[in-house]
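Engineer:
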Amino acid sequence: MRHINKYSARLFFVFLLSLLATFVFSSLEGAEKYKEIFEKEFLAEPWAGEQIEKSSCIECHASDIMKPEFRNIPDEWKTSWHYENRVSCHDCHGGDPKDAAMAMSPQRDFAGAPKYSDVPEFCGKCHIGILKNYLESGHGKALRSKGTGPNCVTCHGSHKIQKASIDIINEGLCSKCHSYERAKTMKQALFLTEKKIREIEKDIKELKAGGVFTEEKEKNLFSTHAEFRTLFHAVDVSMVKERTDGFTDKLNLLEDKIQNTLNELGFRKNFSAFLMFIFIGLGVGIFLLSKTYKS
Amino acid sequence: MLHRIKNWLEIRIGLNEIIKTQFKEYRVPRDINIFYTLGFVAMAAFIMQAVTGFFLLVYYVPHSNHAFRSVQTIMTTVPYGWLFRMMHVVGSNLMVAVVFIHLSSVFFMGSYKKPREMTWIAGWLMLLLVLTFCLSGYLLPWSQLSYWATTIVTTMPTAFPYFGDSAAYIMRGGEYVSGITLNRFFAIHVAFLPLLFVSILGVHIFLVRRIGISSPPFGENAEMEWTEYRHESHSDGVPFYPHFVFREIFMVMIFVAIMFFIIAFMPTLFLPEDANTPADPFRTPAHIKPEWYFLAPYQMLKLIPNKFLGVAMQIIIVAVFILWPFLDTKKERNILKRRLLLSAFLISVAVWIILAIWGRYS
Amino acid sequence: MKRRGFLKLLLAVFGTTALASLTYPLARFLAPPVEKAKGKQISIKRSEILSGGTMSIVFNNTPVIIINRQDKGFIALSRVCTHLGCIVEYDKGKKRLLCPCHAGVFDLEGNVISGPPPKPLPKIPLRVEGENIVIG
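If you read the sequences in order, they're chains A, B and C. Converting from the first sequence to the working numbering requires adding 260 to each position, the first position being numbered 1. Converting from the second sequence to the working numbering requires adding 7 to each position, the first position being numbered 1. Converting from the third sequence to the working numbering requires adding 10 to each position, the first position being numbered 1.
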């Protein structure tokens, strides 16, 4: 080992000293765990960013004092599409989530769990367009007149609601009351439009990954899709078939817009590549020129 | 035509003498290597940032309700807005890379030693300013990425007891990142930092020219004693113009070519999906990470079990680096002859890279 | 020397191209936006919309509703809900605009009364010129 120069020794000593000082000082703070503390303190601090909303509903319903049948509800809700869109307990059931005393008070419009035949109006508080079509449908009329028939929860579930898809129409569900034939016809009528919508969704995702801001296109697609779905709830195959062309036109327009955007992206790539080559050319030129000056 | 302009200037400011002394007779060491061009490349990059930034100012709106939309307008509606915005984004990242390499090569060649300590300190201050530029500029598009990365970085001062919370409060202009933060960061990014940076840059360049450019330490140069001022003139060197000027310009062309390569073929390299989503204070994206140049410090903070220790370590490391010319006063500039320092340097670089990669994938 | 001359020429060509390829975009970038073609305006007779009534048109590819409000006169609002893009409907009885998708409610100024929409409905410029209403 070479003789250690006193300067190296000096700086090493300084470094060690400062390290020691910080260890001593910080151990006065107490020993703590690693990553969890870091992320918890940096991110979960109410003023550090994500403002987590307080919910007395969840606090009781997820706790041990709650009946077992009710205890799963918050977890089921957390897997739902409503949760993704920040629709929580009070948005459907009323009550005050910020105040445990008033959480289930009728003074805060607490509605409790709806009766079977009241479910459509319960969901229809928000999903107005769908309620309207449903009430005009065979399903809605059956529920109104006989008290039996599918309500929203029959097909969509209550707390575990997932993003609606064409696969909700399936043999297991629809043949509970009648033959699957009718449902199958409906599914076929919907199929092509739904497929087109899914393809456009994929294209929009690709655009987004390519750096494009797709809000307007997403909104356009959503409104067209929502209108299409609302139509379905009238459960009228001939109406669906009649209106499909209108929807296809709208979707084609959207596809054209997407194609335009893709073309624009292609132009940008070419233009930037052109600039790159110009500067490579300049670089090479300068390099060769400098060689002619070698003395 | 060119001659007439030159003559016009010559009569008024003695242009020929300036060209003669500052370019043709100014000599640089014969064995000067390519790393010596990086300072100039960094300056050229800074000018590009300033120019593109200036033009972006024409359309950008620094208010939390409009910031995101104005950037999208630049990217989609304004003709060639995408070009200037991409140059600004890609250029800034490349500039940081160049500055890092410039710093490492200066360290490696021991050019921070006497009499160039002030140049080193000015350089480090500029590095910190560049990182502050990056931090403040990052918030301006007001995207999910902007908002949350800024939230993390402005929470770091809270690690300090007593004054940590106030420091974070002042940085953000409030309890959490908001429109107030945006306004502050905008003012810093567009007015305060450029003035400060250009002043220190001026000092840095003056020092380099006044003291004289250093020689690479790998030759057989005798160690010089510095007991009184002497400009290091390299009388047996090569003329600055044309030899070194061409190399500097060549490196700048390479820099710009790389920038356009990334813009053409990897446009989303620095703009992931979160950069294209408007900021939402109620929804933390799944994997927020700071930008690559902050990954190593970030990962170090995550590893060190104590929050205060983590932040303090960062500050100590920076302080050690800035004061390095005073801690390492050995005259030997050739790092290859100093095994301990060489190993420490190589290990530090390796650790930095490993921490950054770890931070990226954890 | 010949080679040097040639290279200088080459560099001049490349350099000018580079400069032009950056100046042209800059010029287009800085040029003020072209005025939207005035001819795109739509003109409607006042008498076609009774007091308290509405008319739905398409303007610039956007569905728009023109309302003849009893107290405040004419207004033209975009029918695209600011939540997720569904088309809002006019509710005459309650004097409001209702979105069928998630029950977003807007007043007749376009402001959000309740529901998920984050922003008010965009107003479309409207002028009353004698017997006509001009949109755009």
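Every residue gets a Cβ at the ideal spot worked out from N, C-alpha and C, and that includes glycine.
#1: Check whether the Cβ atoms of isoleucine 538 of chain A and threonine 27 of chain C sit closer than 8 Å, and answer yes or no.
#2: Using a Cβ cut-off of 8 Å (strictly closer), state whether serine 418 of chain A contacts chain C.
#3: Could you give the DSSP three-state label for arginine 191 of chain B: helix, strand or coil?
#4: Relative to the alpha-carbon of phenylalanine 275 of chain A, which residue among B:Leu349, B:His109 and B:Trp331 has its alpha-carbon at the smallest distance?
#5: Can you pull the DSSP bridge partners for threonine 552 of chain A?
#6: Can you pull the DSSP bridge partners for alanine 86 of chain C?
#7: For aspartate 505 of chain A, which three-state DSSP category applies?
#8: Is it true that the CB of valine 215 of chain B sits closer than 8 Å to the CB of threonine 84 of chain B?
#9: Could you spell out the range, first to last residue, of the alpha helix (DSSP H) harbouring aspartate 463 of chain A?
#10: To the nearest angstrom, how far is the alpha carbon of glutamine 306 of chain B from that of lysine 314 of chain B?
#11: Return the Cβ separation of threonine 284 of chain B and glutamine 151 of chain B in integer angstroms, given the expectation that the two are a contact with Cβ distance under 8 Å.
#12: Does asparagine 14 of chain B have its Cβ less than 8 Å from a Cβ in chain C?
#13: Cutting at 7 Å between CB atoms, please list the residues of its own chain near isoleucine 295 of chain B, excluding the five before and the five after it.
#14: Taking the alpha carbon of cysteine 111 of chain C as the reference point, which residue from A:Cys415, A:Asp496, A:Ala486 and A:Ile457 has its own alpha carbon closest?
#15: Just to make sure I have the definition right: I need the residues of chain C whose C-beta is within less than 7 Å of the C-beta of valine 65 of chain B. Which are they?
#16: Are the C-beta atoms of glycine 372 of chain A and some chain B residue less than 8 Å apart?
#17: Does the structure place the segment 477-496 of chain A close enough to the segment 91-100 of chain C that three or more beta carbon pairs sit under 8 Å?
#18: Count the C-beta pairs between the segment 432-450 of chain A and the segment 355-364 of chain A that are closer than 8 Å, then say yes if the count reaches three, no if not.
#19: Given that arginine 254 of chain B touches chain A, what residues does it touch there, using C-beta distances under 8 Å?
#20: For threonine 490 of chain A versus isoleucine 428 of chain A, is the C-beta spacing smaller than 8 Å?
#21: In the DSSP output, which residue or residues are listed as bridge partners for valine 48 of chain B?
#22: Give me the chain A residues within the contact set of glutamine 79 of chain B, using Cβ-Cβ distance strictly less than 7 Å, ordered along the chain.
#23: Please determine, among A:Glu344, A:Lys327 and A:Thr474, the residue with the shortest C-alpha to C-alpha distance to proline 292 of chain B.
#24: Rounded to whole angstroms, how far is the Cβ of serine 532 of chain A from the Cβ of phenylalanine 267 of chain B, which I believe are closer than 8 Å?
#25: How many angstroms separate the CA atom of phenylalanine 42 of chain B from the CA atom of valine 48 of chain B?
#26: Between the segment 384-404 of chain A and the segment 325-334 of chain A, do three or more beta carbon pairs fall short of 8 Å?
#27: Closer than 7 Å, Cβ to Cβ, to anything on chain B: give me those residues from the segment 523-546 of chain A, in chain order.
#28: Excluding the 5 residues preceding and the 5 following tyrosine 440 of chain A in the sequence, name in chain order all residues of the same chain whose CB lies nearer than 8 Å to its CB.
#29: Since I believe asparagine 40 of chain B is in contact with aspartate 223 of chain B (beta carbons under 8 Å), could you give me their beta-carbon distance rounded to a whole number of angstroms?
#30: Looking at the structure shown, is alanine 360 of chain A part of a helix, part of a strand, or coil, going by DSSP?
#31: Once you ignore the five residues that flank aspartate 463 of chain A on each side, which residues in its own chain have a CB closer than 6 Å to its CB?
#32: With 16 other CB atoms within 10 Å as the buried threshold, where does tryptophan 341 of chain A fall?
#33: Chain B beta carbons: is any one of them nearer than 8 Å to that of proline 35 of chain C?
#34: Counting beta carbon pairs with one atom in the segment 126-142 of chain C and one in the segment 415-423 of chain A, are three or more of them shorter than 8 Å?
#35: Output needed in chain order: residues of the segment 157-171 of chain B with a Cβ under 7 Å from some Cβ in chain A.
#36: Between the alpha carbons of glutamate 339 of chain B and isoleucine 364 of chain B, how many angstroms are there, rounded?
Structural biologist: According to the data block:
#1: By one-based count along the first sequence, residue 538 of chain A stands at place 278. By one-based count along the third sequence, residue 27 of chain C stands at place 17. Result yes, Cβ atoms of isoleucine 538 of chain A and threonine 27 of chain C sit closer than 8 Å.
#2: In the first sequence, counting from the first residue as 1, residue 418 of chain A sits at position 158. No - not a single Cβ of chain C is within 8 Å of the one on serine 418 of chain A.
#3: Counting from 1 along the second sequence, the entry for residue 191 of chain B is found at position 184. Arginine 191 of chain B falls in the helix class under three-state DSSP.
#4: The residue given as residue 275 of chain A occupies position 15 in the first sequence. Considering only alpha carbons, the answer is B:Trp331.
#5: Position 292 of the first sequence holds residue 552 of chain A. DSSP lists no partner for threonine 552 of chain A.
#6: Position 76 of the third sequence, counting from 1, holds the residue named residue 86 of chain C. In DSSP, alanine 86 of chain C forms a bridge with C:Ile76 and C:Ile134.
#7: The count along the first sequence starts at 1 and reaches residue 505 of chain A at position 245. In this structure, aspartate 505 of chain A counts as helix in the three-state DSSP scheme.
#8: If you number the second sequence from 1, residue 84 of chain B lands on position 77. If you number the second sequence from 1, residue 215 of chain B lands on position 208. The answer is no: Cβ separation not under 8 Å.
#9: The residue labelled residue 463 of chain A in the question sits at position 203 within the first sequence. Run containing aspartate 463 of chain A: 440-469, per the alpha helix (DSSP H) assignment.
#10: Locating residue 306 of chain B in the second sequence gives position 299, counting from the first residue. Locating residue 314 of chain B in the second sequence gives position 307, counting from the first residue. Taking the straight line joining both Cα atoms gives about 12 Å.
#11: Mapped onto the second sequence, residue 284 of chain B falls at position 277. Mapped onto the second sequence, residue 151 of chain B falls at position 144. The Cβ separation is near 4 Å, so the contact holds.
#12: Taking the first residue of the second sequence as position 1, residue 14 of chain B is located at position 7. False, the Cβ-Cβ gap to chain C never drops below 8 Å.
#13: If you number the second sequence from 1, residue 295 of chain B lands on position 288. Trp155, Ala156 and Ile159.
#14: The count along the third sequence starts at 1 and reaches residue 111 of chain C at position 101. Nearest C-alpha to cysteine 111 of chain C: A:Ala486.
#15: The count along the second sequence starts at 1 and reaches residue 65 of chain B at position 58. Chain C residues near valine 65 of chain B: Leu40.
#16: Counting from 1 along the first sequence, the entry for residue 372 of chain A is found at position 112. No, because no Cβ of chain B sits closer than 8 Å to the Cβ of glycine 372 of chain A.
#17: yes
#18: no
#19: Stepping through the second sequence from its first residue, residue 254 of chain B is reached at position 247. Simply Ser550.
#20: As a first step, residue 490 of chain A is located in the first sequence; it is residue number 230 there, counting from the start. As a first step, residue 428 of chain A is located in the first sequence; it is residue number 168 there, counting from the start. Result no, Cβ atoms of threonine 490 of chain A and isoleucine 428 of chain A do not sit closer than 8 Å.
#21: Counting from one through the second sequence, the residue named residue 48 of chain B turns up at place 41. Per DSSP, none; premise fails for valine 48 of chain B.
#22: The residue labelled residue 79 of chain B in the question sits at position 72 within the second sequence. Neighbours of glutamine 79 of chain B on chain A, chain order: Phe473.
#23: Mapped onto the second sequence, residue 292 of chain B falls at position 285. When only C-alpha atoms are compared, the closest one is A:Glu344.
#24: Stepping through the first sequence from its first residue, residue 532 of chain A is reached at position 272. Stepping through the second sequence from its first residue, residue 267 of chain B is reached at position 260. About 5 Å separates the two Cβ atoms, so the contact holds.
#25: Here residue 42 of chain B refers to the residue found at position 35 when the second sequence is read from its first residue. Here residue 48 of chain B refers to the residue found at position 41 when the second sequence is read from its first residue. Roughly 10 Å separates the two Cα atoms.
#26: no
#27: Arg528, Lys529, Ser532, Ala533, Leu535, Met536, Phe539, Ile540, Leu542, Gly543 and Ile546
#28: Here the question's residue 440 of chain A lines up with position 180 in the first sequence. Taken in chain order, the residues that qualify are Glu431 and Cys434.
#29: Counting from one through the second sequence, the residue named residue 223 of chain B turns up at place 216. Counting from one through the second sequence, the residue named residue 40 of chain B turns up at place 33. The amino acid occupying residue 223 of chain B in the given sequence is proline; aspartate does not appear at that position. The Cβ separation is near 6 Å, so the contact holds.
#30: Position 100 of the first sequence holds residue 360 of chain A. It is helical.
#31: Taking the first residue of the first sequence as position 1, residue 463 of chain A is located at position 203. So the list reads Ile518, once near-sequence residues are dropped.
#32: Locating residue 341 of chain A in the first sequence gives position 81, where the first residue counts as 1. With fewer than 16 Cβ atoms within 10 Å of its Cβ, tryptophan 341 of chain A is classed as exposed.
#33: As a first step, residue 35 of chain C must be located in the third sequence, where it is residue number 25. Yes, its Cβ sits closer than 8 Å to a Cβ of chain B.
#34: no
#35: Thr158, Ile159 and Thr162
#36: On the second sequence, residue 339 of chain B is found 332 positions in, with the first residue counted as 1. On the second sequence, residue 364 of chain B is found 357 positions in, with the first residue counted as 1. The alpha-carbon atoms of glutamate 339 of chain B and isoleucine 364 of chain B are separated by roughly 34 Å.
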